[in-house]
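A.B. asks:
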Amino acid sequence: MDLKRFRVVAARKKGKLTAFLNKLDDVVPEDMPKLVAEADASMWKEVDCMACANCCKTMTPTFRRSDITRISAHLGMKPKEFVNKWLEKEEDGDWVNKQQPCQFLVDNKCSIYEVRPKDCAEFPHHNKKPFDLYNDTFIQNLHRCPATFTLVDRLMKKVEKEYEW
Ligand code: SF4
Ligand code: SF4
Numbered sequence: 767m768d769l770k771r772f773r774v775v776a777a778r779k780k781g782k783l784t785a786f787l788n789k790l791d792d793v794v795p796e797d798m799p800k801l802v803a804e805a806d807a808s809m810w811k812e813v814d815c816m817a818c819a820n821c822c823k824t825m826t827p828t829f830r831r832s833d834i835t836r837i838s839a840h841l842g843m844k845p846k847e848f849v850n851k852w853l854e855k856e857e858d859g860d861w862v863n864k865q866q867p868c869q870f871l872v873d874n875k876c877s878i879y880e881v882r883p884k885d886c887a888e889f890p891h892h893n894k895k896p897f898d899l900y901n902d903t904f905i906q907n908l909h910r911c912p913a914t915f916t917l918v919d920r921l922m923k924k925v926e927k928e929y930e931w
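Here this note's numbering is used: the first residue of the sequence shown is 767, the next is one more, and so on.
Shown next, in the form of structure tokens:
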């Protein structure tokens, strides 16, 4: 994955894709779930997370209490010790990584994959329903996640071509 090139292309198209997602807030094609499922399936045939890991390099997951309990036990640490070592509290009370890339990213892979935070397991959130409820999240991730960028780009092309839009 050529992330440098991705960043250039994403910066160029971000405005257009953001406008599309914003419009989806008001106008949702009737068969949106089917459109999303088809575009998502075709996107995953091309985008390889193992060759990317840009989310782990440039973003932080939110660690829920259950994540902290599970991961610290996996690492043989006390939850408090784990929090003090790796996390900080945001203004809204969420626990997030102190550092980026994520401390658990080793050789471009998640070293705690089996017990990773729920937020990581659900990323990039394309399966959330309804899809358009997460437009703000997708807008934030357009220039960070090649999977989201590609999905939204395909959706936009399909909708603009086949629907009154
Ligand atoms: S816990 Fe694993 S999947 Fe989550 S950000 Fe860190 S390296 Fe990536
Ligand atoms: S979810 Fe997105 S940013 Fe993360 S590894 Fe996959 S394509 Fe890259």
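By construction, the Cβ of each residue, glycine as well, lies at the ideal position given by its N, Cα and C atoms.
Rounding to the nearest angstrom, what Cα-Cα distance links C876 and A887 in this structure?
C.D. replies: 11 Å
A.B. asks: I need the boundaries of the beta strand (DSSP E) containing K855, first residue and last residue.
C.D. replies: 853-855
A.B. asks: Counting pairs of Cβ atoms below 8 Å between the stretch 847-855 and the stretch 825-839, do you hit three or more?
C.D. replies: yes
A.B. asks: Put V794 into one of helix, strand or coil per three-state DSSP.
C.D. replies: coil
A.B. asks: What are the residues that DSSP puts in a beta bridge with C876?
C.D. replies: L871
A.B. asks: Any heavy atom of ligand 1 closer than 8 Å to the Cβ of C821?
C.D. replies: yes
A.B. asks: Taking C-alpha atoms, which residue in D902, F870, V794 lies nearest to Y929?
C.D. replies: In this structure, V794 is the residue among D902, F870, V794 with its C-alpha nearest to the C-alpha of Y929.
A.B. asks: Please go through the same chain and pick out, in chain order, the residues whose beta-carbon is closer than 8 Å to the beta-carbon of D885, but skip the five residues on each side of it.
C.D. replies: The answer, listed in chain order, is P827, T828, F829, R830, D833.
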